[in-house]
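In the numbering used here, the protein residues as written are 449 to 760. For glycine and all other residues, C-beta sits at the position ideal for the given N, C-alpha and C. Given the structure is predicted, the values throughout are model-derived calculations rather than measurements. All remarks here apply to the structure that follows.
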């Protein structure tokens, strides 16, 4: 017995940027990429590693926003005979690759910051402050755009969190610029850069662990295997279970398979349907496959008639 939610969903037509959740995410991605480009140019011109680090942070969030869009599109693609789950794992593979790249970027920023701490370059604080302030304004506009239609959509909530973290990075770069302008403390630039690099590395590490867990078909995040097993055992008609597996196919698409041994009080089809419904209601997993099995017949051993043991 199998309960399965169709991997594909209805295609949403986007009638312009900001009109749908997908449109708002696309608009936020465009704004983030523009701000990231300005931060890279400003960082090179102003000799500011903090701006370059902020750009690296924006790159991480731009990748996350792009993956949110990919998730919207991939979910609507039909399955094929070769790819029975569609292309859902492409999202996870892209996220894993992005996380590795961001880890490399964060290490480079820290190494460069140590070099600049020893020999601080001449930083153009005015340009640095202007670019960081502009980035903050654009990030706040993107956040307002995402929040305008409500944050009931999961991808929209995630995108809003990324944009707000970009805004925090711009604020950090502004603080470094003020310290350079007001007190001439040029080491503020590499110091802030290290903080941003740590933030990038932390984001990359979380993304690596999450995506690697999906690729290794680990138990879905938030699901306690013991509680899932209890849900199945508590189902009337179930005597035992074995070969219980739970894994994530892609973000938001989990699956469970299990073999249940019947106790003989109910029909196997009814038990399988009941187990599937309980897993869905208690754990929110729709893609469930239950294999009912009859209990093995008891085996009894009786002595053969006419045989007697000999005493020694």
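- Taking C-beta atoms as the reference points, residue 551 and residue 701 fail to come closer than 8 Å.
- Take residue 662, set aside five residues on each side of it, and the residues of its chain with a beta-carbon closer than 6 Å to its own are 540, 696, in chain order.
- One thing to note: residue 659 has its Cβ within 8 Å of the Cβ of residue 544.
- In terms of CA proximity to residue 714, 686 leads the group 526, 729, 483, 686.
- For residue 710, the three-state secondary structure derived from DSSP is strand.
- Looking only at 734, 478, 496, 690, the smallest Cα-Cα distance to residue 571 is reached by 496.
- Three or more beta-carbon pairs separated by less than 8 Å are not found between the segment 607–615 and the segment 554–567, which leaves the two stretches without contact.
- With fewer than three CB-CB distances shorter than 8 Å, the segment 470–487 does not count as touching the segment 525–540.
- The shortest C-alpha to C-alpha distance from residue 490 to any of 688, 509, 581, 672 is the one to 581.
- Distance from the CA atom of residue 478 to the CA atom of residue 590, rounded to whole angstroms, is 9 Å.
- When secondary structure is reduced to three states using DSSP, residue 569 falls in the coil class, being assigned neither helix nor strand.
- For residue 656, the enclosing alpha helix (DSSP H) starts and ends at 636–663.
- Annotation for residue 696: no alpha helix (DSSP H) segment contains it, though the beta strand (DSSP E) segment containing it runs 686–698.
- Scanning its chain for C-beta atoms nearer than 6 Å, with the 5 sequence neighbours on each side dropped, one finds around residue 553 the residues 504, in chain order.
- Counting along the chain, residue 723 sits inside the alpha helix (DSSP H) bounded by residues 716–731.
- Excluding the 5 residues flanking it on each side, residue 627 has same chain C-beta neighbours closer than 8 Å at 633, 636, in chain order.
- Sorting 671, 719, 681, 639 by C-alpha distance to the C-alpha of residue 565 places 639 at the top.
- Rounded to the nearest whole angstrom, the CA to CA distance from residue 594 to residue 513 is 12 Å.
- An exposed status is given to residue 682, since fewer than 16 other beta-carbon atoms sit within 10 Å of its beta-carbon.
- The C-alpha of residue 688 lies about 52 Å from the C-alpha of residue 616.
- With respect to the 8 Å criterion, residue 694 and residue 547 are not classified as neighbours on the basis of their beta carbons.
- The Cβ atoms of residue 731 and residue 671 lie closer than 8 Å to each other.
- Excluding sequence positions up to five before and after residue 743, its CB lies within less than 7 Å of the CB of 687, 709, 710, 711, 712, all in the same chain and listed in chain order.
- The beta carbon of residue 718 sits closer than 8 Å to those of 685, all from its chain and outside the five residues before and after it, given in chain order.
- Residue 702 carries a strand assignment under DSSP once its states are collapsed to helix, strand and coil.
- Residues of the same chain with a CB within less than 8 Å of the CB of residue 507, apart from the 5 flanking positions on each side, are 484, 550, 553 in chain order.
- Comparing C-alpha distances from residue 502 to each of 669, 643, 724 shows the shortest one belongs to 643.
- In the DSSP assignment, residue 735 is bridged to 703.
- For residue 681, the uninterrupted alpha helix (DSSP H) segment begins and ends at 673–681.
- A straight-line Cα-Cα distance of about 49 Å links residue 674 and residue 624.
- Less than 8 Å divides the Cβ of residue 499 from the Cβ of residue 576.
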